[in-house]
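In this note's numbering, the protein residues as written are 485 to 716.
In this text, a Cβ means the ideal position worked out from N, Cα and C, and glycines have one as well.
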């Protein structure tokens, strides 16, 4: 991360020294870090103060609810409050850089989004993930029960007809199903509505919270050979 003024430049902090960026692999967190540096410098903090803050900002402690990582005997689970197409895109692109066999998305969107926005979110998800469990928020925000899940699942199946996609309205049941279907090397990402019930569920299933820097680095790139998720 560099600061420039006229023809002069200064290094504020190497990107790989910012835990939030996962060594620079999470590009959206690099963007967030750049914005934070600009804002903090404008407020009068020194480069040394800004570097110290970014270098000690730990996602699992200081950014609860985003990119929360759990290790399970059968794979990995990530919880994140992504709820729009761009959030899905950035999270999916980051996860696809990691060694994995499959990315399984437990996906939903708030009911107050327009139909075309929900379909746009489904288009992004269909491209990035290998399997889907579509769930629904408890707060329907004016929608009929099952309406948003139906729009999402229908669009995903249209855009990715060869990928498994099932519908389970309950968020906790959807995550339970995705975890049960995991094979070694799979990563499940759940875009949640309520964090606490899912955190409790994953822990009860043997999930161990770990720091983002402990994400798998082993080679698990071989094709997945287990049973696919059943179609709904």
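For residue 682 and residue 695, believed in contact at Cβ under 8 Å, the rounded distance:
Position 211 of the chain shown, counted from the first residue, corresponds to residue 695. Position 198 of the chain shown, counted from the first residue, corresponds to residue 682. With a Cβ gap of about 19 Å, residue 695 and residue 682 do not count as contacting.
For residue 586, count neighbouring Cβ atoms within 10 angstroms of its own Cβ and tell me buried if that reaches 16, exposed if not.
As a first step, residue 586 is located in the chain shown; it is residue number 102 there, counting from the start. Residue 586 comes out buried.
Would you call the segment 640-652 in contact with the segment 535-548, where contact means no fewer than 3 C-beta pairs closer than 8 Å?
no
DSSP three-state call for residue 656: helix, strand or coil?
By one-based count along the chain shown, residue 656 stands at place 172. Reduced to three states, the DSSP call for residue 656 is helix.
I need the boundaries of the alpha helix (DSSP H) containing residue 610, first residue and last residue.
In the chain shown, counting from the first residue as 1, residue 610 sits at position 126. From DSSP, the alpha helix (DSSP H) with residue 610 extends over 599-612.
Using only CA atoms, which one of 608, 663, 677, 573 lies nearest to residue 624?
Position 140 of the chain shown, counted from the start, is the residue given in the question as residue 624. Selected option, being the one with the closest Cα: 677.
Mapping the DSSP letters down to three states, classify residue 674 as helix, strand or coil.
Position 190 of the chain shown, counted from the start, is the residue given in the question as residue 674. Three-state DSSP puts residue 674 in a strand.
To the nearest angstrom, how far is it from the Cα of residue 562 to the Cα of residue 551?
Position 78 of the chain shown, counted from the start, is the residue given in the question as residue 562. Position 67 of the chain shown, counted from the start, is the residue given in the question as residue 551. If I take the Cα positions, the gap works out to 6 Å.
Do the CB positions of residue 556 and residue 679 come within less than 8 Å of each other?
Start at 1 with the first residue of the chain shown, and residue 556 comes out as number 72. Start at 1 with the first residue of the chain shown, and residue 679 comes out as number 195. No, Cβ-Cβ distance for residue 556 and residue 679 is not below 8 Å.
Which partner residues does residue 554 have in the DSSP bridge list?
What you label residue 554 is simply residue 70 of the chain shown in a count that begins at 1. Bridge partners of residue 554: 561, 693.
Which partner residues does residue 487 have in the DSSP bridge list?
Locating residue 487 in the chain shown gives position 3, where the first residue counts as 1. Residue 487 is bridged to 494.
Going by the DSSP bridge assignment, what does residue 616 pair with across the sheet?
Stepping through the chain shown from its first residue, residue 616 is reached at position 132. Paired residues: 589, 649.
If you scan the segment 503-546 from start to end, which runs of the alpha helix (DSSP H) of 4 or more residues do you find wholly inside it?
511-526, 531-539, 543-546
What's the gap between the Cα of residue 600 and the Cα of residue 533?
For the purposes of this step, residue 600 is taken as the residue at position 116 of the chain shown. For the purposes of this step, residue 533 is taken as the residue at position 49 of the chain shown. Cα to Cα, residue 600 sits roughly 44 Å from residue 533.
Is residue 668 helix, strand or coil when you go by DSSP?
The residue given as residue 668 occupies position 184 in the chain shown. Here residue 668 sits in coil by DSSP.
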